[in-house]
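One structure is given below, encoded as structure tokens.
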Amino acid sequence: MMQTHMGKAQVDRPSARLSLAYIWVAYAAFGLAALAGMLQGMVRGGLIELPSWTNYYQILTAHGVLMALIFTTFFIVGFLLSGVAKTTGGSLHGTALGLGWIGWILMTVGTAMAVVTIVTNDASVLYTFYAPLKASPFFYIGAALLVVGSWFGGFAVFSSYRKWRRENRGKMSPLFVFMSVTTFVLWLIATIPVAVEVLFQLIPWSLGWTSSINIMLSRTLFWFFGHPLVYFWLMPAYIAWYVCVPRIIGGHVFSDSLARLAFISLLLFSMPVGFHHQLMEPGISPGWKMIHVILTLIVVVPSLMTAFSMFATFETTGRKKGGVGLFGWFKKLPWSDVRFFAPFVGMLFFIPAGAGGIINASNQMNAVVHNTIFITGHFHITVGAAVALTFFGVSFWLIPVLTGRTLTPTANRMGMVQTVFWSVGMFLMSYAMHYLGLQGSPRRTSFTTYMDHPLAVGWLDYQRVMAFGGGLLFVAAILLILILGYLTFFAPKGNTEYPTAETETEQHTPKILERWPVWLGVLVLLCVLAYGLPIAEQLTHNPPGSPPFRTW
Amino acid sequence: MHLHRYEKIWLILGAGGLALFIVLLCVNAFAMGMAPPSNMEMIDPTKVSETPPFDNPGLKKISDTEYDAYMTAFAFGFNPNKMEVPAGAKVNFHVTSPDVVHGFQIPGTNVNFMVMPGHINSASYTFEKPGEYLILCNEYCGAGHQVMATTIIVK
Ligand SMILES: [Cu+2]
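Chains as they are written, first to last, in my numbering: chain A, 23 to 574; chain B, 6 to 160.
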């Protein structure tokens, strides 16, 4: 529908309302999660003690669930739906809108169930809910609703994609849509194993219908999902890097076909790799572990492609604006525009994050850092910095687009301050975490000196640095919510552009990249090869099962 | 599909480096015998305290320089609680859990593995330097997780 009376909206009202509903649940969860995170940092630094009605592991569960599962999933569904609406003509059709709202309702109900069980201390099992720790069945049901709800977000994207292709026969789909479809294909397939775990193992067992559980199998199913989950966070950030950031700096997409190829590779190689999270576990032979290690490391290739594309776009754009010499183009980039600055800082964080990831995934090196706070430091610079800063950068323009308002220069400046606070906080905290992890300090552990063991006492100074970083992050989180509240309700009315870049010249993207049956076939084959035999083994040669335990 | 010349170079160098790295990992794991702890032995988790040798956890001397340490990791401690070995001794740790999943880590060494109910996991380490080594649980196991630790004294 044309909205001639109020200028050309980038996304029509019904679609905008849907996206905004997702994004605000995301930021409500983010705010609570940030509070829980800050308190954890303070406890671990030995600066405060929690009141008797709560405990460290309860707020750790809240932080993990709200930040890693709820904030990310809601934001991603909201962001991708908005971009699909924008790039397929400015609106979602009736079916897609309906699916989108069903998803939102299921996810919100699931979130409420999870939060209530965490608050009543019936689910202090952390967001990885490892059996045989047994949470309230409502916690698992809530998690299942969250996942199933997000599938409906994916169905909404697929239905828009199908409609677009019907109406534009023979044409390549818009890059944003293609990437959103890839992201949700990954998500749908990746969540099947965890759905199996929750529905067939955890829920019946936590309700008492079955007396014991095959732990090895539950962990394998969890990590079958748990690693692609990381790519479900990362790919929407990549979409913003590939499609939105080039437009913000006044440039073009470097190469349409390479961008699509990178996404297909991410889809294929992020799935059959879960054993690299289980390298230090018994019951999986070293051969299978090595196969997953190799497949994991192959993901380095699409990451290298992405790095090249990003910097190629930056350089071409900078040169076109008159930047000369080897690095002159660098100065021509819009450093004072938070829509560019925040995701750019995120990209910088991703460089050490990738290096850390290689360490974690590598067999023997993993023994040094496994389950130490190094791991916590690692995912705080991947998800907490690279992905989160990109999502913040997106929010600064997406919320004005959706509310029909504008990002004022003052709000932009506040956003810059917020980005700096978040980055410095994240840098200090994760630096301390990486350092402590290499000394052997464990993750997921409340304040302790292990009966004043000199080694553990020596960790205290760095734990205080972590706490200080956490404090800065909390300030940045509050500031962010204030800015986003302003952009939602108070910023001046106006038209804000939804930045989506095109390629500079007509490019011929190979048709094969859009043949889904081919890629799904390859993916299923890879998963069967990587998981078929080990899972068959875990089903047949498994030890007697475990009864449930509540140890908190 | 067009690949920029610099991109080709970039990807060839990257993928080549990666391939070399993978070969080194394989050599390290299989030729040099440094595969991660992947013990395949199983045990009934509800009968750990009745199953030898875990019915009587502790150090078993193999020779003057080698010991087997049979240990259980439970919420929230390790059994045995104190162990003493001479400097230069190689200790083979064999650990299982009668309840939930725990971690087993000795900071400053490469001993770091998961202890899962139903399985026995193991790793070896030669303690060259005397001292009091901390053994801690690095997987969340409940409200008292932070106190779950013990020591091994090397004299
Ligand atoms: Cu433990």
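Just so it is clear, CB atoms sit at the ideal spot from N, CA and C, and this is done for glycine as well.
- When C-beta distances to chain A are compared with 8 angstroms, the residues of the segment 25-44 of chain B below that value are 26, 27, 30, 31, 33, 34, 35, 39, 40, 41, 42, 43 and 44, in chain order.
- Just so you know, the alpha carbons of residue 511/A and residue 146/A end up roughly 36 angstroms apart.
- Separation of residue 482/A and residue 193/A (C-alpha to C-alpha, rounded to the nearest whole angstrom) is 60 angstroms.
- A distance of 7 angstroms or more separates the beta carbons of residue 527/A and residue 269/A.
- Of all residues in the segment 138-158 of chain B, those with a C-beta nearer than 7 angstroms to a C-beta of chain A are 139, 141, 143, 144, 145, 146, 147, 148, 150, 151, 152 and 154, reading in chain order.
- Around residue 315/A, the beta-carbon contacts reaching into chain B at under 7 angstroms are 30.
- A contact between stretches requires three or more CB pairs, one per stretch, nearer than 8 angstroms, and the segment 216-234 of chain A fails this requirement with the segment 375-389 of chain A.
- One thing to note: residue 151/B has its Cβ within 7 angstroms of the Cβ of residue 467/A.
- Cβ atoms of residue 250/A and residue 548/A stay farther apart than 8 angstroms, at about 12 angstroms.
- Cα atoms of residue 504/A and residue 87/A: separation of roughly 23 angstroms, rounded to the nearest angstrom.
- Of the residues assessed, residue 35/B falls on the exposed side of the cut-off, its CB having fewer than 16 other CB atoms within 10 angstroms.
- The closest heavy atom of ligand 1 lies 6 angstroms or more from the beta carbon of residue 475/A.
- For the segment 448-466 of chain A, residues whose beta-carbon sits nearer than 8 angstroms to a beta-carbon of chain B comprise 461, 462, 463, 464, 465 and 466.
- Residue list for ligand 1: 78/B, 80/B, 81/B, 107/B, 108/B, 142/B, 144/B, 146/B, 150/B and 153/B (CB closer than 7 angstroms to any heavy atom, chain order).
- Here the alpha carbon of residue 262/A sits roughly 26 angstroms from the alpha carbon of residue 191/A.
- Within 7 angstroms of the CB of residue 311/A, the CB atoms of chain B belong to 41 and 43, in sequence order along the chain.
- Taking CB atoms only, residue 93/A has no neighbour in chain B less than 7 angstroms away.
- In the structure shown, the three-state DSSP call for residue 107/B is strand.
- In the DSSP annotation of this structure, residue 119/B is not part of any alpha helix (DSSP H); the continuous beta strand (DSSP E) holding it starts and ends at 117-120.
- Relative to the Cα of residue 525/A, the nearest Cα in the group 118/A, 198/A and 135/A belongs to 198/A.
- Contact annotation: residue 405/A and residue 450/A have beta-carbon atoms that are not nearer than 7 angstroms.
- Partner residues in the beta bridge of residue 90/B, as assigned by DSSP, are 159/B.
- Not one beta carbon of chain A lies nearer than 7 angstroms to the beta carbon of residue 86/B.
- Closest option to residue 564/A, judged by alpha-carbon separation, among 124/A, 238/A, 161/A and 318/A: 238/A.
- Taking 7 angstroms as the cut-off, the Cβ atoms of residue 415/A and residue 447/A do not count as close.
- In the structure shown, the three-state DSSP call for residue 512/A is coil.
- When DSSP states are grouped into helix, strand and coil, residue 359/A belongs to the coil group.
- Cβ contact annotation for residue 10/B (same chain, cutoff 8 angstroms, sequence separation greater than five): none.
- For residue 29/B, the number of other beta carbons within 10 angstroms of its own is below 16, and it is reported as exposed.
- Segment contact: the segment 299-313 of chain A against the segment 121-130 of chain B, three or more CB-CB distances shorter than 8 angstroms; contact assigned.
- With respect to residue 147/B, residue 78/B sits apart: the two C-beta atoms are not nearer than 7 angstroms.
- Here residue 103/B is buried, its C-beta having at least 16 other C-beta atoms within 10 Å.
- Counting only Cβ-Cβ distances below 7 angstroms, residue 303/A has contacts in chain B at 119 and 121, in chain order.
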